[in-house]
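Visitor:
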Amino acid sequence: VFLSAENANKMFGRHKRAGFTLIEEILRGNLERECYEEVCVYEEAREVFEHEENTKKFWSGYFEGKQCSSNPCLYNGKCTDTIRSYRCDCPEGYEGKNCEFASNECHPQMTDGCQHYCTPGFQNYKCSCAQGYKLGKDEKSCFPIVPYHCLKKSRFNLHKFTTILFNTTKGEKCLELLEHYTCGRLLSTFATDHWMNTGDKVVTTEELHCLLGNFPWLALLINEDDRGFCSGVILNKYFVLTAAECTQKFGSFRVVVGKGQCKAVDHQTQVHHVTKTHLHLRYSVNSKENDIVLLELNKAITFSKYALPICLPEKDFAEHILIPKTNGTVSGWSLGENETQPFLLISQVSYLGQEPCRAIHNFSLTNRMLCADYHPLTCQFTSGSPLVTEHRGTWFLTGIISSGTTEYNCINGFLFTKISRYIIWILNIMK
Numbered sequence: 001v002f003l004s005a006e007n008a009n010k011m012f013g014r015h016k017r018a019g020f021t022l023i024e025e026i027l028r029g030n031l032e033r034e035c036y037e038e039v040c041v042y043e044e045a046r047e048v049f050e051h052e053e054n055t056k057k058f059w060s061g062y063f064e065g066k067q068c069s070s071n072p073c074l075y076n077g078k079c080t081d082t083i084r085s086y087r088c089d090c091p092e093g094y095e096g097k098n099c100e101f102a103s104n105e106c107h108p109q110m111t112d113g114c115q116h117y118c119t120p121g122f123q124n125y126k127c128s129c130a131q132g133y134k135l136g137k138d139e140k141s142c143f144p145i146v147p148y149h150c151l152k153k154s155r156f157n158l159h160k161f162t163t164i165l166f167n168t169t170k171g172e173k174c175l176e177l178l179e180h181y182t183c184g185r186l187l188s189t190f191a192t193d194h195w196m197n198t199g200d201k202v203v204t205t206e207e208l209h210c211l212l213g214n215f216p217w218l219a220l221l222i223n224e225d226d227r228g229f230c231s232g233v234i235l236n237k238y239f240v241l242t243a244a245e246c247t248q249k250f251g252s253f254r255v256v257v258g259k260g261q262c263k264a265v266d267h268q269t270q271v272h273h274v275t276k277t278h279l280h281l282r283y284s285v286n287s288k289e290n291d292i293v294l295l296e297l298n299k300a301i302t303f304s305k306y307a308l309p310i311c312l313p314e315k316d317f318a319e320h321i322l323i324p325k326t327n328g329t330v331s332g333w334s335l336g337e338n339e340t341q342p343f344l345l346i347s348q349v350s351y352l353g354q355e356p357c358r359a360i361h362n363f364s365l366t367n368r369m370l371c372a373d374y375h376p377l378t379c380q381f382t383s384g385s386p387l388v389t390e391h392r393g394t395w396f397l398t399g400i401i402s403s404g405t406t407e408y409n410c411i412n413g414f415l416f417t418k419i420s421r422y423i424i425w426i427l428n429i430m431k
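UniProt numbering applies: residue 1 is where the sequence shown begins, and numbers increase by one.
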C-alpha cells in the first residue's frame, strides 16, 4: 500500500518536543521534556520535582542506574540507592559498607575500625590503644595523653616550637608532660616528609643535612673507646632493645640516645651506662635464632623531641595489620669507612613473605624471623637497627636487624628478628 507524502507525514511525523517554542523557560518543568527527550542535569530535574528528597530519589536511578539491583547488602541488609552510590542499613550484629563484618569480630580490612588494637567481644569488638594514648569518644580513635600542642604531628617552626616549649607557662607544662611520654610520634617531620616525598629508597644524612628528631627512638651502642658498633631502639625510660650479638662484641659498652649530626644541638645527646643485659635464654650464637636482648640502663632517659620511645605493637596487630601493609622503614647507624664517626642511614623497604624469603636465603628460616627486599645500602646497616611501620599517624616496632647465620648474605636482602614473637618476653622484663 502506498501513501502520499502528505498522509505519510501525518502518520510518521515526530511531534515537536514540549519546549520547542520560545516560551519554554516560562513553562513549568516537564520530566519528559527535560530528562527523557534529552539528557538532563540535576538542576533541571530539581525544577521538575521542586522537592530535594524526591529529586535525589529520581536522580540516583536516572544517573547511575539502580545501584541496589545487584543486592550488595549482605545478611539481609536494607539497600537504599543514593547518587552514584548506595547505602546499606545493616541488621543488628553486622557493619561495614556491605554489612560484611560481624560487629563482634576484628577485621584488618575495616577502614573505620580501631586506630590501634582490636579485641573480639561477645556483641561488639573492643578497641584499645598503645601506652601513652587514650581512647576517643568514638571508642575507636587513639589520642596522645600529652596535649596536642606538645606532640602535634605536622611541620614545625623550630624557633616557634622552642618558644612554646621552654619560655611560656604552657611550654613548661609541655616539658613536664614529656615525662609521661607518648610513643611512636614524630615531633619533627620536615626531613621525614622530604625523603618520603622524593621517592628515594635509601637516604643518608649527608643528603638531608640533619635528621635529628626524625627518628627519636634510635640509639647507638659505643665501646670504651667511644666507637659505635651497633644500633638499638628505645622502648621506655630504662630499656633499649638491640640484637643479642651486639652484647658479645665488647666486655662493656654504653648507650647513646638523642644523637644527631647537627652540631648546634649536640647538647641533646645523652650517654647511659648499662646495668644489666637481659639476653634471650634461647639465643643461639650459631643460628642467630632469638637474636634479641634488652639493655637496662643505670638512669632514666630524659625524653625530648630528640629522644622518645617507639611503640610496641600487640602480636595480632603486628602480624595482621602492620606487616601485611608491605612497607616499613629501617633507620640505623652505619660505621662506613671511619669507624669513629657513624652516620645515619634510612631505607624504605618492602616486607617479604616466608616463601619468597626462604627462596632467596640459603638457610633455614623460622617464624621468628622477618625478611625485606634488598637495597643498595643494606649491608651497611649495623645490627640492632630498628624496622618500624607507620599506622594512622603512629609508628610501631616490627623488627630489628640481625646478622643471621654464617650462610646469610646481606646482598640477598634484609633479615630481621620478628618483634611480634617476643612481645610477652619484653613486657615481662620491663615490668
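All residues carry an ideal CB built from backbone N, CA and C; glycine is no exception.
May I ask you to report which of helix, strand or coil DSSP gives Lys140?
Guide: For the purposes of this step, residue 140 is identified with residue 140 of the sequence shown, where counting begins at 1. Reduced to three states, the DSSP call for Lys140 is coil.
Visitor: Does any residue of chain D bring its CB to less than 7 Å from the CB of Phe381?
Guide: Although the question refers to chain D, the structure presented lacks it and comprises just one protein chain.
Visitor: Keeping to the same chain, check which residues put their C-beta closer than 6 Å to that of Lys259; ignore five residues upstream and five downstream.
Guide: Along the sequence shown, one-based indexing puts residue 259 at 259. If we look at Lys259 and ignore the five residues flanking it on each side, its Cβ neighbours are Leu220, Thr269.
Visitor: Leaving out five residues before and five after Lys315 in sequence, what residues of the same chain have Cβ atoms less than 7 Å from its Cβ?
Guide: Along the sequence shown, read from residue 1 onward, the residue named residue 315 stands at position 315. Counting only Cβ-Cβ distances below 7 Å, and skipping sequence neighbours, we find Ser420, Ile423.
Visitor: Can Ser347 and His375 be called in contact, C-beta distance under 7 Å?
Guide: Looking up residue 347 in the sequence shown gives position 347. Looking up residue 375 in the sequence shown gives position 375. Taking 7 Å as the Cβ cut-off, Ser347 and His375 qualify as a contacting pair.
Visitor: DSSP puts Phe343 in a beta bridge; with which residues?
Guide: Here residue 343 is taken as the residue at index 343 of the sequence shown, counted from 1. Ser334, per the DSSP bridge assignment.
Visitor: Just reading off the beta strand (DSSP E) that Tyr117 is part of, what are its end residues?
Guide: As a working note, residue 117 is residue 117 in the sequence shown. It spans 117-119 - the beta strand (DSSP E) in which Tyr117 sits, taken as one unbroken run.
Visitor: Flag this pair as touching only if the stretch 67-77 and the stretch 85-105 have three or more C-beta atom pairs under 8 Å; answer yes or no.
Guide: Contact between the stretch 67-77 and the stretch 85-105 is present, because at least three Cβ pairs lie under 8 Å.
Visitor: What does the alpha-carbon distance come out to for the pair Tyr125 and Cys90?
Guide: As a position in the sequence shown, residue 125 is number 125, starting the count at 1. As a position in the sequence shown, residue 90 is number 90, starting the count at 1. Their Cα atoms are separated by approximately 16 Å.
Visitor: Taking Cβ positions, are Leu397 and Ile310 nearer each other than 7 Å?
Guide: For the purposes of this step, residue 397 is identified with residue 397 of the sequence shown, where counting begins at 1. For the purposes of this step, residue 310 is identified with residue 310 of the sequence shown, where counting begins at 1. Cβ atoms of Leu397 and Ile310: closer than 7 Å.
Visitor: Cα separation between Gly96 and Asp373?
Guide: As a first step, residue 96 is located in the sequence shown; it is residue number 96 there, counting from the start. As a first step, residue 373 is located in the sequence shown; it is residue number 373 there, counting from the start. Distance between the alpha carbons of Gly96 and Asp373 is about 34 Å.
Visitor: Just to confirm the assignment, what range does the alpha helix (DSSP H) spanning Ala130 have?
Guide: Working through the sequence shown from its first residue, we reach residue 130 at position 130. No alpha helix (DSSP H) contains Ala130, which DSSP labels as neither H nor E.
Visitor: Determine which residues share a DSSP beta bridge with Pro386 and list them.
Guide: Along the sequence shown, one-based indexing puts residue 386 at 386. Ile400.
Visitor: Ordered along the chain, which non-local residues of its own chain (more than five positions away) have a Cβ less than 6 Å from that of Leu370?
Guide: Taking the first residue of the sequence shown as 1, we reach residue 370 at position 370. Gly399, Phe416, Lys418.
Visitor: Taking DSSP as the reference, what is the three-state secondary structure of Tyr408?
Guide: For this step, residue 408 is matched to residue 408 along the sequence shown. In this structure, Tyr408 counts as coil in the three-state DSSP scheme.
Visitor: Work out the CA separation of Ala102 and Ser385 for me, nearest whole Å.
Guide: Reading the sequence shown from its first residue, position 385 is the one you call residue 385. Reading the sequence shown from its first residue, position 102 is the one you call residue 102. If you take the alpha carbons of Ser385 and Ala102, they lie about 39 Å apart.
Visitor: Please name the residue in Lys137, Cys142, Pro356, Phe122 whose C-alpha comes closest to that of Asp128.
Guide: In the sequence shown, counting from the first residue as 1, residue 128 sits at position 128. The sequence as given places Ser at residue 128; Asp does not occur at that position. Nearest option by C-alpha distance: Cys142.
Visitor: Please list, in chain order, all residues of the same chain as Lys66 whose beta carbon is under 7 Å from its beta carbon, the five residues on each side excluded.
Guide: By one-based count along the sequence shown, residue 66 stands at place 66. For Lys66, where only same-chain residues beyond five positions count, the Cβ hits under 7 Å are Asp81.
Visitor: Might you give, ordered along the chain, the residues of its own chain that have their beta carbon closer than 8 Å to the beta carbon of Val293, omitting 5 neighbours on each side?
Guide: For the purposes of this step, residue 293 is taken as residue 293 along the sequence shown, with counting starting at 1. Only Leu241, Thr242, Ala243, Ala244, Cys246, Thr247, Thr277, His278, Leu279, His280, Tyr283 meet the Cβ criterion.
Visitor: Tell me whether Ser69 sits in a helix, a strand or coil according to DSSP, three-state version.
Guide: As a first step, residue 69 is located in the sequence shown; it is residue number 69 there, counting from the start. Helix, per DSSP.
Visitor: In the DSSP assignment, what are the bridge partners of Glu296?
Guide: Residue mapping note: residue 296 aligns to position 296 of the sequence shown, counting from 1. DSSP output for Glu296 lists Phe239, Lys276 as bridge partner(s).
Visitor: Using only alpha-carbon positions, find the residue among Phe58, Trp59, Glu100 that is nearest to Lys78.
Guide: On the sequence shown, residue 78 is found 78 positions in, with the first residue counted as 1. Checked all of Phe58, Trp59, Glu100; the closest Cα to Lys78 is Glu100.
Visitor: Can you check whether the CB of Thr378 is closer than 7 Å to the CB of Cys230?
Guide: If you number the sequence shown from 1, residue 230 lands on position 230. If you number the sequence shown from 1, residue 378 lands on position 378. The answer is no: Cβ separation not under 7 Å.
Visitor: With the cut-off set at 7 Å, would you say Pro342 and Leu335 are in Cβ contact?
Guide: By one-based count along the sequence shown, residue 342 stands at place 342. By one-based count along the sequence shown, residue 335 stands at place 335. Going by C-beta atoms, Pro342 is nearer than 7 Å to Leu335.
Visitor: Buried or exposed for Lys288, going by 16 or more other Cβ atoms inside 10 Å?
Guide: For the purposes of this step, residue 288 is taken as residue 288 along the sequence shown, with counting starting at 1. That one is buried.
Visitor: Return the first residue and the last residue of the beta strand (DSSP E) that Ala372 is part of.
Guide: The sequence position of residue 372 within the sequence shown is 372, counting from 1. It spans 369-372 - the beta strand (DSSP E) in which Ala372 sits, taken as one unbroken run.
Visitor: Below 8 Å, can you find three or more Cβ-Cβ pairs linking the stretch 352-362 to the stretch 400-413?
Guide: With a cut-off of 8 Å, the stretch 400-413 and the stretch 352-362 count as touching, because enough Cβ pairs lie within range.
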